[in-house]
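J.: I'd like to ask you about the structure that follows.
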Amino acid sequence: MARFRYMVKDAETAANFYKEHFGFEAGFQHRAIHIVSKDDVTLLLSGPASSAQRPMPDGSEPGPGGWNRLLIDVDDLEPLVERLKKAGVKFRNEIIKGPGGRQ
Numbered sequence: 011m012a013r014f015r016y017m018v019k020d021a022e023t024a025a026n027f028y029k030e031h032f033g034f035e036a037g038f039q040h041r042a043i044h045i046v047s048k049d050d051v052t053l054l055l056s057g058p059a060s061s062a063q064r065p066m067p068d069g070s071e072p073g074p075g076g077w078n079r080l081l082i083d084v085d086d087l088e089p090l091v092e093r094l095k096k097a098g099v100k101f102r103n104e105i106i107k108g109p110g111g112r113q
């Protein structure tokens, strides 16, 4: 089983996104963190009030965004991307093809 912590601006909204568009199922729910799972993958969606977003001893603060990636394999990439765009999801790039396949 793989578990990933993903820092988000709103844990409930993020959980609803993964449930609606990728078939994840709800687990533990709290205003600060929502946990969703599908098959052998569990996502810990940590909002601003979660312990994961507390400042580090040096004062640096973790936050959402950046180039971190969560990869979800799907059967039909193009139709999914179109459906997500219609739902208001913004993409940084169009679908590209590389050594690892289309992404």
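The sequence shown lines up with residues 11 to 113 when you count with the working numbering. Even glycine gets a Cβ: it sits at the ideal position worked out from N, Cα and C. The structure displayed is predicted, hence computed values, not measured ones.
1. Where does Q39 fall in DSSP's three states?
2. For F125, does the three-state DSSP call read helix, strand or coil?
3. Along the chain, where does the beta strand (DSSP E) containing V51 start, and where does it finish?
4. Check for me: the alpha helix (DSSP H) holding R93 runs from which residue to which?
5. What are the residues that DSSP puts in a beta bridge with S60?
6. Exposed or buried, S60, counting other C-beta atoms within 10 Å across all chains shown (16 or more means buried)?
7. Taking D83 as the reference, give the member of S70, V51, I45 with the closest Cα.
8. Within this structure, are the beta carbons of L87 and H31 separated by less than 8 Å?
9. Return the CA-CA distance between H40 and Y28, expressed in angstroms with no decimal places.
10. In terms of DSSP beta bridges, what is K19 paired with?
11. With DSSP run on the structure shown, which of helix, strand or coil describes K48?
T.: Result, derived from the coordinates:
1. strand
2. Here the chain has residues from 11 to 113 only, and residue 125 is not among them.
3. 51-56 is the extent of the beta strand (DSSP E) around V51.
4. Per DSSP, R93 is one residue of the alpha helix (DSSP H) stretching across 87-96.
5. Beta-bridge pairing by DSSP links S60 to no other residue.
6. buried
7. Relative to D83, the option among S70, V51, I45 whose CA is nearest is V51.
8. In this structure, the beta-carbon distance from L87 to H31 does not fall below 8 Å.
9. 16 Å
10. Answer is none; K19 lacks a bridge partner.
11. strand
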